[in-house]
Amino acid sequence: MENSGKFKRILVTAALPYTNGDIHLGHIAGAYLPPDMYVRYLRLAGYNVVFICGSDEHGTAIEMSAIKEGVSPQVIIDKYHFANKKAYEDLGIKYDIYSRTSTETHKKTSQDFFKVLNDKGLLYQKTEKQLYSEKEKRFLADRFVIGTCPVCGFEEARGDECENCGSALSPLELKNPRSTITGDTPVVKESTHFYFPLSKFQAMLEEWINSKPDWKPNVVNYCKGWFKTGLQDRAITRDLDWGVPVPLEGYDGKVIYVWFEAPIGYISITKELFEQEGNPEGWKDYWCKDDTKLVHFVGKDNIIFHAIFFPAMLMAHGDFVLADNVPANEFLNFEGGKLSKSRGHSIAVKDAVSRFNPDSVRYALATSLPENKDTDFYWKDLQAKNNNELGAILGNFVNRTFVFAEKYFEGTVPAAGEYKEIDSIIINSIKSYSSSIASYYENYKFKDAVSETMNLVRDANKYFNDTEPWKAVKEDIARCGTIINTCLQLCRSFAVLFYPVLPFSSEKLFRMLNISSEGETWESAAELKLHAGHKLNKPEILFRKIEDSEIEQ
RNA sequence: GGCGGAUUGGAGCAGCUGGCAGCUCGUCUGGCUCAUAACCAGAAGGUCAAAGGUUCGAAUCCUUUAUCCGCAACCA
């Protein structure tokens with residue numbers, strides 16, 4: 000619906016996680032759960048969609064982690080690549096492909112991209128003075144230099160800014176500079192780098208973003224802030240060992256800047272996906288045709304790269320589609336503090352899923368997504384949402400329905416007789432709910448989509464109460480059958496409508512209903528597909544209660 | 001200091017092209033008893049951070065202040 004209509008296919012990307020740490024719930028809420036829900040919805044709704052992600056594995060930070068731990072960068076990226084891949088799987092975040100930027104395909108794709116821009120004469124070179132460590136035989140990135148602040152005299156000022164007085168600094172301004180890695184004194188040495196003329200693309204970018212009225216205000220505001228300052232050209236190469244080498248003679252020891260090369264990963268990973276599927280040219284449909292809708296899901300820290308820098312690169316290159324939307328989220332804070340590993344304010348995905356039902360984690364995050372502003376996440380919220388909403392509203396409705404079918408109808412679907420008005424109302428409401436929920440998904444309003452889905456279950460519980468099947472079972476068994484039939488049909492609707500947010504429970508519900516989830520569509524959620532006499536499986540508890548003691552940890 | 005964002009009942013959030021202040025949870029009361037002591041109904045609870053301004057009318061627009069957060073281009 001909406002503007003999906005003019006597109007033949009949708010390519011959804013989730014921000015490539017930087018592979019020097021475990022992903023945590025803040026990342027999930029910001030950039031991974033929303034696209035997973037979006038894609039699951041789109042598939043049910045019948046769209047042609049590809050969902051890709053992968054590890055971002057190059058750059059200064061990874062090389063420095065490797066040096067500090069005394070291992071090769073490969074050890075670092077392997078460790079976190081596989082750990083993060085598993086974390087996504089554990090949470091039910093299901094990509095069509097989860098690859099990485101250390102592949103040959105990616106190396107070639109980003110080098111080709113670089114060469115196209117260079118051959119077009121768009122790039123230029125500039126020589127600048129930089130600090131160089133003779134002992135380590137490397138140029139030092141700003142943040143790996145400390146020294147005495149020329150403004151306030153603070154002796155531990157970092158190369159990019161002084162934490163004491165807040166002055167923005169360049170490492171060349173520091174007095175008595177030294178490497179944070181070895182402590183030795185660097186020398187000033189010249190180095191030549193390629194620059195991307197971002198400033199020349201400002202007008203085109205502004206026009207492009209102005210043509211996107213459906214973008215979230217927070218994203219547009221971010222971009223406008225950058226435009227106001229004026230975009231500056233960016234160096235797109237670095238003096239570093241760990242990365243994609245500059246594909247030209249005479250540039251040994253230089254690699255393509257990770258933020259130039261990483262988003263090209265979206266293209267190379269799409270290529271890999273289609274290669275695996277035996278259709279090596281298939282990726283072009285998704286990247287080179289105007290009727291592809293490209294959507295980048297990112298956290299707000301990545302807006303600059305996905306809404307400004309990467310689009311400018313694509314404009315410069317010329318062969319590729321630009322993003323239709325960048326529905327970036329804000330940050331999710333934990334227990335009232337910033338999510339940061341150093342302050343112990345982060346929850347790694349692996350710690351959350353080892354304790355709780357992944358669907359409970361997904362639901363708790365989905366209902367407090369930082370869509371418009373930073374939000375807070377508390378363990379007790381997860382407990383409350385699991386117990387009071389998933390358990391008491393959804394799980395309990397399913398359970399009370401199944402227990403009736405089990406006890407009074409031999410575990411089968413009873414026949415539906417004549418419908419009364421109250422039955423018709425709830426049955427018709429499934430259709431209106433499914434279309435309003437769909438509209439929320441299409442417009443990236445995931446919190447609203449989830450709470451709207453739960454509202455249908457609230458209505459279902461009211462229906463159960465108002466029709467009083469526990470009385471009907473004694474007075475009018477046929478009437479009771481009609482009610483329980485309706486409730487079972489509702490359960491099937493829930494299995495479809497909750498699939499985007501609660502995939503594991505949805506599957507469980509399909510099993511309990513003894514039907515396959517294969518071939519289910521969003522449209523079918525409103526159909527009454529369970530036939531009288533259909534045998535049900537034994538009911539199971541969908542969401543077990545989380546005790547206080549589990550939360551106190 | 002500059003730029004951008006935020007501040008709404010006990011908690012977490014929505015509302016912000018200006019028009020009686022909403023949702024979920026929690027609390028209190030009542031109903032029901034099929035069900036994971038779950039479900040349903042009703043109620044209480046907010047001078048929308050503060051001050052000033054525009055307007056017939058402001059949570060919403062403007063100015064100032066306070067607090068918090070992000071950005072500031074070689075971390076990604």
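Going by numbering that gives the first Met the number 0, the letters in the first sequence line up with residues 0 to 552, in that order. Glycine included, each C-beta is placed from N, C-alpha and C at the ideal position. Being a predicted model, the structure only gives us computed values, none of them experimental.
- Nearest to residue 58 by alpha-carbon distance, out of 515, 101, 22 and 94, is 101.
- Of 92, 455, 222 and 524, the smallest CA-CA separation from residue 357 is found for 92.
- Residue burial annotation: residue 186 is exposed, with fewer than 16 other C-beta atoms found within 10 angstroms of its C-beta.
- Residue 480 sits close to residue 415, with the two beta carbons spaced by under 8 angstroms.
- In the three-state DSSP reduction, residue 231 falls in the coil class, being neither helix nor strand.
- The three-state secondary structure of residue 368, taken from DSSP, is coil.
- For residue 264, the enclosing alpha helix (DSSP H) stretches over residues 263-275.
- In the three-state scheme derived from DSSP, where H, G and I count as helix and E and B as strand, residue 331 is classed as strand.
- A contact between stretches requires three or more CB pairs, one per stretch, nearer than 8 angstroms, and the region 200-214 meets this requirement with the region 317-332.
- Take residue 290, set aside five residues on each side of it, and the residues of its chain with a beta-carbon closer than 6 angstroms to its own are 6 and 7, in chain order.
- The Cβ neighbour count for residue 282, taken over all protein chains shown within 10 Å, is at least 16; the residue is labelled buried.
- Here residue 295 carries a strand assignment [DSSP, helix/strand/coil].
- In its chain, beyond the 5 residues on either side, 351 have a beta carbon closer than 6 angstroms to the beta carbon of residue 360.
- Looking from the CA of residue 122, the closest CA among 192, 549, 157 and 365 belongs to 192.
- Just so you know, the alpha carbons of residue 184 and residue 239 end up roughly 19 angstroms apart.
- In this structure, residue 16 keeps its C-beta atom at 8 angstroms or more from the C-beta atom of residue 77.
- Between residue 29 and residue 333, the CB-CB gap reaches or exceeds 8 angstroms.
- Residue 279 is not a Cβ neighbour of residue 398, given a cutoff of 8 angstroms.
- Going by beta carbons, residue 116 and residue 305 fall outside the 8 angstroms limit.
- In this structure, the beta-carbon distance from residue 80 to residue 18 falls below 8 angstroms.
- Two segments are said to touch when three or more pairs of C-beta atoms, one from each, lie closer than 8 angstroms; by this definition the region 544-551 touches the region 367-382.
- A check of alpha carbon separations from residue 425 across 484, 441 and 330 identifies 484 as the nearest.
- Beta bridge pairing from DSSP links residue 244 with 254.
- Within 10 angstroms of the beta-carbon of residue 331 lie 16 or more other beta-carbons, which makes it buried.
- At a Cβ-Cβ threshold of 8 angstroms, residue 109 and residue 143 do not count as neighbours.
- Setting aside the 5 residues that flank it on each side, residue 125 is surrounded in the same chain by 191, 192, 194 and 234, each with a C-beta closer than 8 angstroms to its C-beta; the list follows chain order.
- In chain order, 358, 361 and 362 place their CB closer than 7 angstroms to the CB of residue 501, counting only its own chain and leaving out the 5 sequence neighbours on each side.
- Annotation: the continuous alpha helix (DSSP H) that includes residue 33 extends over 32-43.
- Using a 10 angstroms sphere on the CB of residue 148, the tally of other CB atoms reaches 16 or more, which defines it as buried.
- Taking C-beta atoms as the reference points, residue 286 and residue 245 fail to come closer than 8 angstroms.
- In this structure residue 236 is not in contact with residue 221, their Cβ atoms being roughly 26 angstroms apart against a cut-off of 8 angstroms.
- The count of Cβ pairs closer than 8 angstroms, one atom from the region 430-444 and one from the region 452-468, reaches three, so the stretches are in contact.
- Residue 375 is bridged by DSSP to 332.
- Taking the C-beta atoms as reference points, residue 48 is found nearer than 8 angstroms to residue 9.
- Annotated three-state conformation of residue 524 is helix, per DSSP.
- A Cβ-Cβ separation of about 50 angstroms leaves residue 296 out of contact with residue 477 under the 8 angstroms criterion.
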